[in-house]
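Novice:
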Amino acid sequence: LAQLYMVYAWLQMGKRYIVIIFYIFEYLLRISNFIESEVVRFALWMEYAIASQADASFCVTNKMRASLMKRGVRNVFTFYDTPYETFTPISLAKQHEFLMKIAMQETKFTDVENTKENKYAEANRFTALTHDNRYVKLSDRPCLLISSTSWTPDENFTILLDALDIYWNSISNEDSPDAELPSILMVITGNGPLKEQFKVEVTRRKFFKESSAKKKIEILTMWLKAEDYPKLLACADLGISLHVSTSGEDLPMKIVDMFGCHLPVLAKKFGSIGELVHDGENGHVFNNAVELADQLKMMLRGFAEDKCLIKTIKEKFNQLDDWDKTWETTVWPEVLSLCE
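Using this note's numbering, count along the sequence shown one by one with no gaps and you end on 551.
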């Protein structure tokens with residue numbers, strides 16, 4: 212609200228052009244922090260009262276645009292988030308280089324068998340460098356799933372654990388056609404208040420208690436350097452988003468980053484998510500653990516032969532516009548029109 216007070220003061224100085232960009236509504240943040248309702252109502256009134264005086268406003272979804280216009284805010288335009296230029300696909304050679312680096316730090320990325328048998332010049336669990344200097348993906352590699360979180364209540368990771376339990380049951384049945392599906396290494400990046408609680412919950416799951424030397428489901432929580440996170444996304448097979456917007460009107464930036472790396476995403480369904488995740492084009496949306504498990508099986512069938520749905524989606528990924536281009540085509544023309 213502090214910025215809006217400044218806007219209000221600016222307006223009192225005479226005719227000025229005011230442009231506001233909405234990412235999230237302040238009053239919703241206050242609801243989530245359990246501030247008394249009078250303050251929430253005041254924040255709501257203040258946001259819309261000042262926003263209605265702006266010459267133009269931009270927001271991150273069409274759903275938010277409709278909400279603003281319904282409350283009297285005029286000249287509202289949708290300005291979708293775009294990934295930073297560091298979020299981009301990388302070559303198999305660069306993937307291998309990065310995964311070898313991670314394998315030096317995390318044993319779950321290390322390929323002990325191939326290293327011992329000298330099948331390759333060097334190898335991790337996902338890629339290898341052959342003795343004739345070719346980079347290859349290993350056919351028996353696990354699927355590398357990734358999610359990022361700040362470990363707050365707006366992301367229900369129990370859904371993910373329940374889905375992985377269902378997936379584990381399916382692939383553990385040798386008589387089932389699902390037995391051919393790959394094992395999974397689920398990497399979750401980020402720090403936050405619920406992280407330790409999640410790690411305890413993992414130890415209670417059936418897939419964690421599997422006695423086999425090669426576990427079919429593994430989970431690794433990591434904290435990455437800023438420059439390493441985009442590289443891990445570019446190496447991953449599939450992204451998972453459990454974010455649910457408080458308002459239902461904004462979108463998770465983590466999915467935008469994943470799309471920048473041409474990473475398909477399975478996302479928890481909520482109000483505006485359909486503006487970002489399009490079923491069958493760049494991923495799928497799910498309502499519950501059963502749907503997530505079904506989507507994992509659908510996306511990963513044919514994984515070992517490199518003929519799965521993930522590959523099809525990655526090949527059809529359109530390059531996302533960068534921030535500068537989106538600004539020039541969406542925002543700048545409206546700013547110029549104010550000055551005419």
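Every residue, glycine too, gets a C-beta built ideally from N, C-alpha and C.
Considering only the alpha carbon of each residue, which of I301, T299, E516, K465 lies closest to P393?
Specialist: Selected option, being the one with the closest Cα: E516.
Novice: Could you check what DSSP says for E237 in three-state terms: helix, strand or coil?
Specialist: For E237, the predicted model reports a pLDDT of 48, less than 50, meaning its position is unreliable; a value from the coordinates is still stated below. Here E237 sits in helix by DSSP.
Novice: DSSP has I232 in a bridge; who is on the other side?
Specialist: According to DSSP, I232 bridges with F269.
Novice: Is T400 near S359, with beta carbons less than 8 Å apart?
Specialist: Contact: yes.
Novice: Suppose only complete runs of 4+ residues qualify. What are the alpha helix (DSSP H) ranges in the region 397–435, listed by chain order?
Specialist: Fully enclosed alpha helix (DSSP H) runs of 4 or longer: 406–413.
Novice: In the DSSP assignment, find the alpha helix (DSSP H) that holds S456 and state where it starts and stops.
Specialist: Taken as a continuous stretch (DSSP letters only), S456 belongs to no alpha helix (DSSP H), as it is neither H nor E.
Novice: For the candidate residues N402, T414, E492, H307, whose alpha-carbon lies nearest to that of M433?
Specialist: M433 has its Cα closest to that of N402, out of N402, T414, E492, H307.
Novice: In three-state DSSP terms, what is S381?
Specialist: Three-state result, S381: helix.
Novice: Whole angstroms is fine: what's the gap from S422's alpha carbon to I428's?
Specialist: About 12 Å.
Novice: List the endpoints of the continuous beta strand (DSSP E) containing L166.
Specialist: The chain is shown from 212 up to 551; residue 166 falls before or after that span and cannot be answered.
Novice: Quick check: what's the CA-CA separation for C446 versus L355?
Specialist: Looking at the two C-alpha atoms, the distance is approximately 8 Å.
Novice: On a CA-only basis, which of Y228, V271, T293 is nearest I261? Give me that one, please.
Specialist: Residue Y228 is the option with its Cα nearest to I261.
Novice: Using the C-alpha atoms, what's the distance from L372 back to G283?
Specialist: Distance between the alpha carbons of G283 and L372: 43 Å.
Novice: Taking Cβ to Cβ, would you say K479 is nearer than 8 Å to L453?
Specialist: In contact: K479 and L453 (Cβ atoms closer than 8 Å).
Novice: DSSP three-state call for A437: helix, strand or coil?
Specialist: Reduced to three states, the DSSP call for A437 is coil.
Novice: Taking the alpha-carbon of Y259 as reference, which of T272, N273, I232 has the nearest alpha-carbon?
Specialist: Taking only the C-alpha atoms, the option nearest Y259 is I232.
Novice: Which same chain residues end up closer than 8 Å to P404 when comparing Cβ atoms and leaving out the 5 residues on each side of it in sequence?
Specialist: Once the five neighbours on either side are set aside, the close Cβ partners of P404 are W362, T363.
Novice: Pairing CB atoms from the region 465–483 with CB atoms from the region 492–503, are three or more of them under 8 Å?
Specialist: In short, these stretches touch, since the Cβ pair count reaches three.
Novice: If distances are taken between C-alpha atoms only, which option among M469, F320, L507 comes closest to T425?
Specialist: For the sequence presented, residue 425 should be read as Lys rather than Thr. For K425, the nearest C-alpha among the options comes from F320.
Novice: Which residues share a DSSP beta bridge with Y346?
Specialist: Looking at the DSSP assignment, Y346 forms a beta bridge with L340.
Novice: Nearest-angstrom Cα distance between V230 and V455?
Specialist: Roughly 28 Å between the two C-alpha positions.
Novice: From K348, E249, F253, A265, pick the residue whose C-alpha is nearest to that of A220; which is it?
Specialist: Residue A265 is the option with its Cα nearest to A220.
Novice: Sort W538, C270, V271, L511 by Cα distance to D351 and report the nearest one.
Specialist: Residue L511 is the option with its Cα nearest to D351.
Novice: So, at 7 Å on beta carbons, what are the nonlocal neighbours of T272 in its own chain, with the 5 sequence-adjacent residues on each side left out?
Specialist: Excluding sequence neighbours, T272 sits near T289, E460, D461, L462, S483, E486.
Novice: Can you tell me the Cα-Cα spacing of V501 and F470, whole angstroms?
Specialist: Rounded to the nearest angstrom, the two C-alpha atoms are 24 Å apart.
Novice: With a CB to CB cut of under 7 Å and the five nearest residues on each side skipped, what residues in its chain are close to C472?
Specialist: If we look at C472 and ignore the five residues flanking it on each side, its Cβ neighbours are F298, T299, P300, P441, L444, A445.
Novice: According to DSSP, simplified to helix, strand and coil, what is F245?
Specialist: At F245, the pLDDT of 47 sits below 50, so the modelled position is not reliable; the number obtained from the coordinates is stated separately. In the structure shown, F245 sits in coil (DSSP, three-state: anything other than H, G, I, E or B).
Novice: Between N335 and the rest of its own chain, which residues show a CB-CB distance below 7 Å, the 5 nearest in sequence each way excluded?
Specialist: Cβ neighbours of N335 beyond the five flanking positions: L310, M311, A314, F320, T321, D322.
Novice: How big is the Cα-Cα spacing for Y291 and P544?
Specialist: Y291 and P544: Cα-Cα distance of roughly 16 Å.
Novice: Please say whether T293 and T457 have beta carbons closer to each other than 8 Å?
Specialist: In this structure, T293 does not lie closer than 8 Å to T457 by Cβ.
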